[in-house]
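Below: the structure, in structure tokens.
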Amino acid sequence: MVREIPFHQLPQTVKDAVKVTRRLGIRFLWIDALCIIQEGDESDKLRELGVMGRLYKSATVTIAAASAASVSEGFLQARTELPSIPMSFHCGGREMGIAHLIVQTGHDAMRLLDKRGWTLQEALLSPRKLVYGDIEQVWFCQTEHRKQFPGSPVFSFSLLGLLPNRILVPGGTMDIERAHSVWSRVVNMYTERQLSFPEDRLAALMGLIAELKPVFEDECTFGIWHRNFVRQLAWYKFRRPSSVPNGDEEKALLSCAPAWSWASRYFPTMFARFEPYDEHCWKLKDNGLVLRGKLARAHDVPVNGRGGWTFDWDMPSPELLEPLFVAEYDGRDVYYFLLGHEPDFECRKLLLALVQHGLQGVYRRIGLAYSPTQTTAFDNEESQEFTLV
1 MVREIPFHQL PQTVKDAVKV TRRLGIRFLW IDALCIIQEG DESDKLRELG
51 VMGRLYKSAT VTIAAASAAS VSEGFLQART ELPSIPMSFH CGGREMGIAH
101 LIVQTGHDAM RLLDKRGWTL QEALLSPRKL VYGDIEQVWF CQTEHRKQFP
151 GSPVFSFSLL GLLPNRILVP GGTMDIERAH SVWSRVVNMY TERQLSFPED
201 RLAALMGLIA ELKPVFEDEC TFGIWHRNFV RQLAWYKFRR PSSVPNGDEE
251 KALLSCAPAW SWASRYFPTM FARFEPYDEH CWKLKDNGLV LRGKLARAHD
301 VPVNGRGGWT FDWDMPSPEL LEPLFVAEYD GRDVYYFLLG HEPDFECRKL
351 LLALVQHGLQ GVYRRIGLAY SPTQTTAFDN EESQEFTLV
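Residue 1 is where the sequence shown starts when you use UniProt numbering, and the numbers rise one by one after that.
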């Protein structure tokens, strides 16, 4: 194994990838299972995960074995034949031939590929991608796709054009608004996918983040970009009617990120649209995120100003679902931090919902809140600094 890897000892999926690479006339093949030390060397794993984006971006083509349930199964075997109906084709009263109508069917393998969290960055960054499904092969590039059966659905097609072409061109950059829009879509699509280990929430995006840094001209901390930091603190749980809940894993607070980051939760996420009052009200310190602004205790909100509030809780519980206005959570006072207002309704405020966490001046996020009117809760509050963990 030091001098060479005996071909006959490779699992079938890897053998098939070697065959495809040779038929394409490509000399080198990169396989993560062979090129990253899988056990015992975390430093090697982290180092390689950080350059995965560059590998995808620089590859001639990425081969995806969507139909292989395991590495031993392979993907070059005969495909399932689609049922077809022969029909005579007539033109001008004469039979011109036979047309075969193929029954349109879903692609389970394609669906599975598009549901895996780890496959998003390869789908976004690869200049070209050759996908072997259970029924057909599909060819993708950054602008279009080609497949054997034109009428069949292709789920990855929705990713085309998500990242601007400049990410593949050295020196390309992006303005702050466009960067936030792109990252919002990435986070939404990524968080709808599944991970075998939820704690990989950030690890599975490390390569993409590394490639976006020079394009965004920005730094990223726990999945939040610095130039849009305040905007990206306002994330909330979002689920499409067709999506499947992640069960008890959604209730857990992941250890890979602090509670103020979307990466700390294992559920589909979106960023709220709003105008921040202060884009520079934050700074990072060793012990957490420090915010500066107006913080009001929920009990101090006037009773006549408590109607019509709405909430997006990170982890719903019976005590949060019942009342129209929440002043306590788990026996602790709830505090609201004024983030900004909705773009078209300045009177509708967007707030972070917090509870105290241990030491004085230290808080933990529990969700977002929206006040429907010009609330007076913050009128007598002085701007202060506090820490989020």
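Cβ atoms here follow ideal geometry from the backbone N, Cα and C, with glycine treated the same way.
Out of 252, 179, 254, state which residue places its alpha-carbon closest to the alpha-carbon of residue 218.
Nearest in C-alpha terms to residue 218, of all of 252, 179, 254, is 179.
Thinking C-alpha only, which one of 212, 362, 138 is nearest residue 292?
The shortest C-alpha separation from residue 292 is found at 362.
With DSSP collapsed to three states, give me the class of residue 220.
The answer is strand: DSSP assigns residue 220 an E or B state.
Rounded distance between the beta-carbons of residue 333 and residue 298, thought under 8 Å:
In this structure residue 298 is in contact with residue 333, their Cβ atoms being roughly 7 Å apart against a cut-off of 8 Å.
For residue 269, the residue or residues it bridges with in DSSP:
DSSP, once it has assigned bridges, lists 237 as partnering residue 269.
Buried or exposed by the 16-neighbour rule on C-beta atoms within 10 Å, applied to residue 264
Buried, since its Cβ has 16 or more Cβ neighbours within 10 Å.
If residue 193 and residue 124 are in contact, beta carbons under 8 Å, what's the gap, nearest whole angstrom?
The pair is not a contact, with the Cβ atoms about 12 Å apart (cut-off 8 Å).
Under the three-state DSSP convention, the category residue 102 falls into
In the displayed model, residue 102 falls within a strand according to three-state DSSP.
Can you tell me whether residue 16 is buried or exposed, with buried defined as 16 or more other CB within 10 angstroms of its CB?
Classification of residue 16: buried, given that the 10 Å Cβ count is 16 or more.
Under 8 Å: do the region 216-234 and the region 338-354 share three or more Cβ pairs, one atom per stretch?
Verdict: yes, contact present.
Is it the case that the region 370-386 contacts the region 275-295, given that we only count it when at least three CB pairs across the two stretches are under 8 Å?
Here the region 275-295 lies against the region 370-386, with 3 or more beta-carbon pairs under 8 Å apart.
So the alpha helix (DSSP H) residue 176 belongs to, where does it begin and stop?
Start and end: 176-191.
Quick one, are the C-beta atoms of residue 377 and residue 301 less than 9 Å apart?
One thing to note: residue 377 has its Cβ within 9 Å of the Cβ of residue 301.
Taking the beta carbon of residue 9 as the centre, do at least 16 other beta carbons fall within 10 Å, making it buried, or is it exposed?
Residue 9 sits exposed, since fewer than 16 C-beta atoms from the chains shown fall within 10 Å of its C-beta.
Kindly identify the DSSP beta-bridge partner or partners of residue 131.
Looking at the DSSP assignment, residue 131 forms a beta bridge with 64, 138.
Pull up the DSSP beta-bridge partners for residue 342, would you.
DSSP, once it has assigned bridges, lists 345 as partnering residue 342.
Residues that DSSP places opposite residue 353 in a beta bridge
DSSP output for residue 353 lists 336, 367 as bridge partner(s).
Are residue 184 and residue 89 close, meaning C-beta to C-beta below 9 Å?
Taking 9 Å as the cut-off, the beta carbon of residue 184 is found no closer than this to the beta carbon of residue 89.
Per DSSP, what kind of secondary structure is residue 70 in: helix, strand or coil?
Here residue 70 sits in coil by DSSP.
Leaving out five residues before and five after residue 80 in sequence, what residues of the same chain have Cβ atoms less than 7 Å from its Cβ?
Short of 7 Å from the beta carbon of residue 80, and not among the five residues preceding or following it, lie these beta carbons of its own chain, in chain order: 134, 135.
Roughly how many angstroms separate the alpha carbons of residue 74 and residue 143, rounded to a whole number?
Distance between the alpha carbons of residue 74 and residue 143 is about 28 Å.
Please classify residue 250: does DSSP put it in a helix, a strand, or coil?
Three-state DSSP puts residue 250 in a helix.
Do the CB positions of residue 388 and residue 290 come within less than 9 Å of each other?
Using a Cβ distance threshold of 9 Å, residue 388 and residue 290 count as a contacting pair.
Looking only at its own chain, which residues have a Cβ that is under 8 Å from the Cβ of residue 311, when we skip the five neighbours before and after it?
Correct list, in chain order: 320, 326, 353, 367, 368, 369, 370.
C-alpha distance - residue 11 paired with residue 94, whole-angstrom precision
Near 54 Å, if we compare the C-alpha coordinates of residue 94 and residue 11.
For residue 163 and residue 208, the rounded distance between their alpha carbons:
About 11 Å.
By how many angstroms is the C-alpha of residue 78 removed from the C-alpha of residue 215?
Approximately 42 Å between the Cα atoms of the pair.
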